[in-house]
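Below is one structure, written out as structure tokens; the observations come after it.
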Amino acid sequence: MEHYNMNLTLKIWRQKNKDDKGGFQSYQVKDISSEMSFLEMLDVLNEQLIHSGQDPIAFDHDCREGICGMCSLYINGKPHGEWKGNTTCQLHMRAFKDGETVTIEPWRAKAFPVIKDLIVDRSPFDRIIQAGGYISVNTGNAVDGNSLPINKDKADASFAAAMCIGCGACVAACKNSSAMLFLSAKVAHLALLPQGEPERHSRVMNMVAQMDKEGFGACTNTGACEATCPKEISIANIARLNLEYLTASIVAEK
Amino acid sequence: MTWKQVFTSSVGKKLVMGFTGIFLILFLIVHVSLNACIWANDGGDMFNKGAHFMGANWVPRILEIGLFAGLIIHIIQGLALELSNRSKRGIGYAVNYGNKGSKWYSRSMGLLGTIILLFLILHLSNFWFPNRSHQGFLLGEEINLYQKMQEVFSELWVVIVYVLGCISLGYHLAHGFQSAFKTLGVHNKRWHALISIVGYSFSIIVALMFALMPLSFYFGWIS
């Protein structure tokens, strides 16, 4: 692919802290390489800001190779930018044209309050996991990995759900700010495996209850989450979650 | 899990919407099939016989109470969910996500439902209420509903409102039919493909048949 440099206008949400009202501010960046990643482009901008004595833009990032779930950013109206099945750190500047204006916003949901600029508090996801997104394992020698037969199709579906990196793009994209795709991936991942069986019913009940407590909206099956998910988690997991919940309500002992 | 937990969590509310939605879909099948008797071209004989069975028999009249209960739960729960979901964002986006991942009608179920509700108020005041009040709300003598249809559908604005109501119903069903089954847990590809074909066909056929009724009277396609 041909390499080119570009000048961009960036419209970025700035907010000093949780209580600040915040607002958009425009910045110019010059000679951005088409081979840079989106976050590298922001690094360039932050260098400029630091050199001119301004506060750099705060944004979340960690592995920068698309697997950790730390990066966020709502870029030009889509979480993680225009590319399908992609995280912001893997979005490259060749996705933009010279002279373009790029609007960068934080995830918007009451359950994800802005901490600073583009960083939001995603600890509600941690608390949802703590409510049931685990299995209990006895200590002692590790069990031989192949001793427990698992249906191949189920293992595949479970692995596909386990791809979820908990970035919160589903919440950002959903018109209801619902965390249902995230939750369903976590529930489906364990419900499909024999290791998840002992806590199967309490898991779905407790995790749904925690999600509601955190103030996320309810799911209306629009499909916006699936379309924006960087790990392409299927919305079929939400239907599976519904079945898990309905089943738990019928068969759970308590 | 207590009953309260089952039906008041975010998943539980979906279950309520899904169950009542499927119940209302079943009602639509009965309603559209019975009304299709107007096309028998017999001056409304067959239609009035059907209407008489529905209006002057205890069995459908008791079921009618269930129908209203289902309808009211669907409306109240739907409106409550819509308002609650809308309050979860806080500050909105400067650039909207738009149609990038979802259909406009999937995102507009609250709006479409409200249009259908307004249409229903007109519809019930056109037919159900005059007929039931004539019956003394019991099993009294009914009015000639075929004649009533001729009368109501002779006015252009009423026909237009009915057609708009049917279009809203069609789009509401286009999302609702599939969504209801997903809410009840249908999740494999084979079934998704089936409910999506059946859902779209159902939405188009039912909306079209209902819309053709006022149009048939207004343009004199039936005798």
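Protein sequence lines correspond, in order, to chains V and D.
Following my numbering, the numbering of the first sequence begins with 1 at its first residue and continues without gaps.
Following my numbering, the numbering of the second sequence begins with 255 at its first residue and continues without gaps.
Yeah, the Cβ is synthetic: ideal placement off N, Cα and C, and Gly gets one too.
A quick note: this is a predicted structure, and the numbers were derived from the prediction, not measured.
Any non-hydrogen atom of the ligand MN within 8 Å of residue i CB
{"i": "Val415 (chain D)", "result": "This structure lacks the ligand MN, and indeed carries no ligand of any kind."}
Local conformation of residue i per DSSP, three classes
{"i": "Tyr351 (chain D)", "result": "coil"}
{"i": "Trp475 (chain D)", "result": "coil"}
{"i": "Val102 (chain V)", "result": "strand"}
{"i": "Ser360 (chain D)", "result": "helix"}
{"i": "Pro79 (chain V)", "result": "strand"}
{"i": "His92 (chain V)", "result": "strand"}
{"i": "Met300 (chain D)", "result": "helix"}
{"i": "Ser37 (chain V)", "result": "strand"}
{"i": "Asp43 (chain V)", "result": "helix"}
{"i": "Leu190 (chain V)", "result": "helix"}
{"i": "Asp212 (chain V)", "result": "helix"}
{"i": "Asn398 (chain D)", "result": "coil"}
{"i": "Lys436 (chain D)", "result": "helix"}
{"i": "Asn311 (chain D)", "result": "coil"}
{"i": "Phe24 (chain V)", "result": "strand"}
{"i": "Tyr4 (chain V)", "result": "coil"}
{"i": "Leu49 (chain V)", "result": "helix"}
{"i": "Lys30 (chain V)", "result": "strand"}
{"i": "Leu10 (chain V)", "result": "strand"}
{"i": "Gly217 (chain V)", "result": "strand"}
{"i": "Lys116 (chain V)", "result": "strand"}
Pick from the options that is closest to residue i, judged by C-alpha positions
{"i": "Val137 (chain V)", "options": "V:Ala218, V:Ala252 and V:Pro194", "result": "V:Pro194"}
{"i": "Ile451 (chain D)", "options": "D:Asn302, D:Leu392, D:Gln432 and D:Gln331", "result": "D:Gln432"}
{"i": "Pro106 (chain V)", "options": "V:Ala236, V:Ser123 and V:His80", "result": "V:His80"}
{"i": "Pro468 (chain D)", "options": "D:Phe373, D:Ile459, D:Val412 and D:Glu396", "result": "D:Val412"}
{"i": "Pro124 (chain V)", "options": "V:Leu42, V:Leu183, V:Ala239 and V:Glu199", "result": "V:Leu183"}
{"i": "Cys291 (chain D)", "options": "D:Ser457, D:Leu282, D:Leu371 and D:Asn302", "result": "D:Asn302"}
{"i": "Ala305 (chain D)", "options": "D:Asn398, D:Leu325, D:Ser338 and D:Gly346", "result": "D:Asn398"}
{"i": "Met21 (chain V)", "options": "V:Lys116, V:Ile235 and V:Gly140", "result": "Here residue 21 (chain V) turns out to be Lys, not Met, going by the sequence shown. Cα-wise, what sits closest to Lys21 (chain V) is V:Lys116."}
{"i": "Ser37 (chain V)", "options": "V:Cys170, V:Gly66, V:Gln15 and V:Gly23", "result": "V:Gly66"}
{"i": "Cys89 (chain V)", "options": "V:Ser72, V:Ser33 and V:Ala161", "result": "V:Ser72"}
{"i": "Tyr416 (chain D)", "options": "D:Ser379, D:Gly275 and D:Lys436", "result": "D:Ser379"}
{"i": "Ile238 (chain V)", "options": "D:Val270, D:Ala465 and D:Lys436", "result": "D:Lys436"}
{"i": "Arg386 (chain D)", "options": "D:Ala428, D:Leu372 and D:Asn311", "result": "D:Asn311"}
{"i": "Thr228 (chain V)", "options": "V:Phe24, V:Gln25 and V:Gly77", "result": "V:Gly77"}
{"i": "Val44 (chain V)", "options": "V:Tyr74, V:Thr103 and V:Leu10", "result": "V:Leu10"}
{"i": "Lys268 (chain D)", "options": "D:Leu372, D:Lys342 and D:Gly439", "result": "D:Gly439"}
{"i": "Glu336 (chain D)", "options": "V:Gly53, V:Ala218, V:Lys16 and V:Asp144", "result": "V:Ala218"}
{"i": "Ile319 (chain D)", "options": "D:Ser341, D:Phe464, D:Tyr347 and D:Leu392", "result": "D:Leu392"}
{"i": "Gly453 (chain D)", "options": "D:Ala465, D:Gly424 and D:Met463", "result": "D:Gly424"}
{"i": "Met211 (chain V)", "options": "V:Arg108, V:Gly85, V:Lys254 and V:Val171", "result": "V:Val171"}
{"i": "His441 (chain D)", "options": "V:Ile235, V:Leu91 and V:Asn176", "result": "V:Ile235"}
{"i": "Phe277 (chain D)", "options": "D:Ile316, D:Asp296, D:Leu321 and D:Asn295", "result": "D:Leu321"}
Same chain, Cβ closer than 6 Å to residue i, neighbours up to 5 away in sequence not counted
{"i": "Ala248 (chain V)", "result": "His201, Val204 and Met205"}
{"i": "Leu192 (chain V)", "result": "Lys154, Ala157 and Ser158"}
{"i": "Cys68 (chain V)", "result": "Asp62"}
{"i": "Ser422 (chain D)", "result": "Leu366, Ile369 and Ile370"}
{"i": "Asn339 (chain D)", "result": "none"}
{"i": "Asp31 (chain V)", "result": "Asn5"}
{"i": "Ala185 (chain V)", "result": "Ala161, Cys164, Ile233 and Asn237"}
{"i": "Gly298 (chain D)", "result": "Tyr400"}
{"i": "Phe261 (chain D)", "result": "Val270"}
{"i": "Arg240 (chain V)", "result": "Ala188"}
{"i": "Gly430 (chain D)", "result": "Gly275"}
Beta-carbon proximity list for residue i, same chain, < 8 Å, skipping 5 on both sides
{"i": "Pro113 (chain V)", "result": "Lys18, Val120 and Asp121"}
{"i": "Trp293 (chain D)", "result": "Ser470 and Ile476"}
{"i": "Ala209 (chain V)", "result": "Ala131"}
{"i": "His377 (chain D)", "result": "Tyr416 and Gly419"}
{"i": "Phe59 (chain V)", "result": "Leu39, Leu42, Cys71, Ser72, Leu73, Asp117, Leu118 and Ile119"}
{"i": "His92 (chain V)", "result": "Ser34, Glu35, Met36, Ser37 and Phe38"}
Chain-order list of residues whose beta-carbon lies under 7 Å from that of residue i (same chain, five-residue window excluded)
{"i": "Met308 (chain D)", "result": "Leu288 and Pro314"}
{"i": "Glu244 (chain V)", "result": "Val187, Ala191 and Val204"}
{"i": "Glu199 (chain V)", "result": "Gly132, Ile135 and Ser136"}
{"i": "Gly166 (chain V)", "result": "Gly69, Phe125 and Phe182"}
{"i": "Glu40 (chain V)", "result": "none"}
{"i": "Leu8 (chain V)", "result": "Val29, Ile32, Phe96, Glu100 and Val102"}
{"i": "Gly215 (chain V)", "result": "Lys110 and Ala111"}
{"i": "Arg127 (chain V)", "result": "Gln210 and Glu214"}
{"i": "Ser457 (chain D)", "result": "Gly424, Leu427, Ala428 and Phe431"}
Let me know the alpha helix (DSSP H) ranges lying completely inside the stretch 121-181 of chain V, each 4 residues or longer, listed in chain order. 123-130, 152-162 and 169-173
Does the stretch 390-407 of chain D come into contact with the stretch 436-454 of chain D, if we say contact requires no fewer than three beta-carbon pairs (one atom in each stretch) closer than 8 Å? no
The stretch 320-340 of chain D in contact with the stretch 85-100 of chain V per 3-pair CB rule at 8 Å: no
Could you say if the stretch 273-286 of chain D and the stretch 352-362 of chain D meet the contact criterion of at least three C-beta pairs nearer than 8 Å? no
Validate contact between the stretch 142-152 of chain V and the stretch 211-223 of chain V using beta carbons, cut 8 Å, 3 pairs: no
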